[in-house]
Structure formats: C-alpha cells, structure tokens
Amino acid sequence: MYTMELTVPEHQCDTRCRMKLGYVLRNLQEAATNHFSLVNDLHDKLAWKVHFFIASMHLRVAQLPKMGQPVVLRTYFSGPKGVFLVRNTEILDADERPLVQCSCNWFLVDAASRGVVKPKDSPYLLPQEPHDFPITSPRRIRVEQPLELTDRRRVHYSQLDSNGHLNNAVYGDLIEDLLWERLDERPLADLEIVYHHEAKLGQVIELFTATGANSSDIVGRVGQTDCFTARVTLHR
Numbered sequence: 001m002y003t004m005e006l007t008v009p010e011h012q013c014d015t016r017c018r019m020k021l022g023y024v025l026r027n028l029q030e031a032a033t034n035h036f037s038l039v040n041d042l043h044d045k046l047a048w049k050v051h052f053f054i055a056s057m058h059l060r061v062a063q064l065p066k067m068g069q070p071v072v073l074r075t076y077f078s079g080p081k082g083v084f085l086v087r088n089t090e091i092l093d094a095d096e097r098p099l100v101q102c103s104c105n106w107f108l109v110d111a112a113s114r115g116v117v118k119p120k121d122s123p124y125l126l127p128q129e130p131h132d133f134p135i136t137s138p139r140r141i142r143v144e145q146p147l148e149l150t151d152r153r154r155v156h157y158s159q160l161d162s163n164g165h166l167n168n169a170v171y172g173d174l175i176e177d178l179l180w181e182r183l184d185e186r187p188l189a190d191l192e193i194v195y196h197h198e199a200k201l202g203q204v205i206e207l208f209t210a211t212g213a214n215s216s217d218i219v220g221r222v223g224q225t226d227c228f229t230a231r232v233t234l235h236r
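Residue numbers for the sequence shown follow UniProt numbering, beginning at 1 and rising by one.
Written out as structure tokens, the structure is:
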C-alpha cells in the first residue's frame, strides 16, 4: 500500500473551495503512478516497458476535499480480474475518515507492440493486497433514457498525456463543465465511467446527456464511435 500526503491547494478548487472533479482524478492518478514507480524503482516513465490504460472506474464521494485541508491518499492493487488489474484508492481526512473512494479497472499495454499484456505476464511487480472495499468498477453502463446533444469539445494538445491521448482525468473536467449547475446545487455522490476508445489530438467529442431526478448519463462520441459513457449520481 502506498500513501501520499496533500494539502489541497487553491488552484485545484472550485468557486465553493471544493476540489474540482478533474483534480480529484489527477491526484488519484498521481498516487497510482507514484506507487507503481516506487515498487519497481522506475523513475523515468519514458523507459517503462508497459503503459497503464484505464478501462473503467467508480468514484464514491462522501465529501469533496476543501481548500487548505490536509488529506492522505492511500492506494493499492487488490488483484487481477481477467485481463484487468483492479486498483483501489481512498482520500482520507486527518481523522482517517474516507472523503473519496475509487475503484478502477486498468489494463497493461506493451509500450513497443501496443498489445495487451495480462497481469501475470507483466515485466514488473504488481503487489496485491486483497482488502475489503465498498465499491467495484462497472464493466458497462446501460443508458436507457433518450440522449440529447449538449456540447462539442475538441481535444487540444494541453489535454494529452504521455500515452498520446486525452488524459483520463480530463473527462472529469468535461463532466463537471456539462453538469456544473446540478453539481453546484447538489453534491456529487457517485461517478461511474467506462472508457471505450481513445480520444486523440484534434478530434471533436460530441457530448450527449440524459437527465433524471437524481442522476445524469453522459455519452461522448467521436464520429460514430463512443469514447466514454458516464453516470453521475447526486446526493439526495
């Protein structure tokens, strides 16, 4: 298990001094990268033999961290699930109460061939800690309500990561921009995302939404291809 301490900086917060959704995802990603790098003594990511691609995630929010609040991120691999590797992460307050909990399904991609690498064939250590965790990541999200085209976003260079595609945390920015009015009125309770296909530089993502009383579904498409599906559930 890896722990990372953080005092929430101002630039990560919204107009209500709460950590923005995109920064929640960025901090979770940083803790995961630091953990893998530390376990395998890998400090130059460009030299990694594999890349981690996220397949799906489930984020549960009791309360978003606030500006200036000291928090601890705690993360570990819980074990393989087929070709996927499950990582669980928590953001805890000073009294070790969970503010945010996240379960992700990741898969490994060979850096040279771009082929999928099974966890058992990984060239690196993937230490597993099978702790109990209250949530699991979805394999699919069924959208049953009619979708409406709400926005279009072009993928810009500043949004890419070292894998050459739209970084997974940027999807949090897109979702928050789409639903900011709802999220301003009622806090986020759960976010589920299934990542279907990479979004790359210059592509335009069409964003469709379906809104219910306590939740919103979002589908992002590039042309005729879905790149992600998300479900946002609000606190009652």
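Note that CB positions come from ideal geometry on N, CA and C, so glycine has one too.
Within 10 angstroms of the Cβ of residue i, are there 16 or more other Cβ atoms? Answer buried if so, exposed if not.
i	result
Q69	buried
A213	exposed
L149	exposed
R18	buried
A32	buried
G220	buried
Y157	exposed
E144	exposed
H58	buried
D154	Note that residue 154 is Arg in the sequence shown here, rather than Asp. Its Cβ having fewer than 16 others within 10 Å, R154 is exposed.
A146	It is worth fixing the name first, because residue 146 is Pro in this sequence and not Ala. Per the 10 Å Cβ criterion, exposed.
L46	exposed
From which residue to which residue does the alpha helix (DSSP H) around residue i run?
i	result
F36	L21 to N40
Determine the DSSP secondary structure at residue i, reduced to helix, strand or coil.
i	result
A189	strand
S158	helix
L147	coil
E5	strand
Q12	helix
K200	coil
K66	strand
D153	Going by the sequence as given, residue 153 is Arg instead of Asp. Strand at R153.
E129	coil
I135	coil
A47	helix
Y124	coil
R114	coil
Hey, could you find the ends of the beta strand (DSSP E) residue i is sitting in?
i	result
D110	P98 to D110
K81	P70 to K81
C227	T225 to L234
V86	F84 to L92
A55	V50 to V61
I141	From DSSP, I141 is part of no beta strand (DSSP E); its letter is neither H nor E.
R221	S215 to V222
Spatial neighbours of residue i within its chain, please: CB distance less than 6 angstroms, with the 5 preceding and 5 following residues excluded, ordered by chain position.
i	result
S78	V86, N88 and P130
R26	A169
S56	N105, S137, P138 and V194
R60	Q101, I135 and D190
G22	A169, G172 and D173
V117	V50, L108 and D110
T225	H197
G223	none
Just to confirm my understanding: we take residue i, look at its own chain, exclude 5 residues before and 5 after, and list those with CB closer than 7 angstroms. What are they?
i	result
E176	K20, L21, G22 and L183
L92	V71, V72, R74, P98 and L99
F52	W106 and L108
L179	S216 and V232
P127	V39 and F77
residue 271	The requested residue 271 does not occur in the structure, where the chain is confined to residues 1 to 236.
Starting from the C-beta of residue i, find all residues in its chain whose C-beta is less than 8 angstroms away, skip the five residues before and the five after it, and write them out in chain order.
i	result
L38	Y2
N40	Y124 and L125
* the region 86-101 touching the region 9-18, judged by at least three CB pairs closer than 8 angstroms -> no
* Asked: Are there three or more Cβ pairs, one per stretch, closer than 8 angstroms when the region 191-209 is compared with the region 109-116?
  -> no
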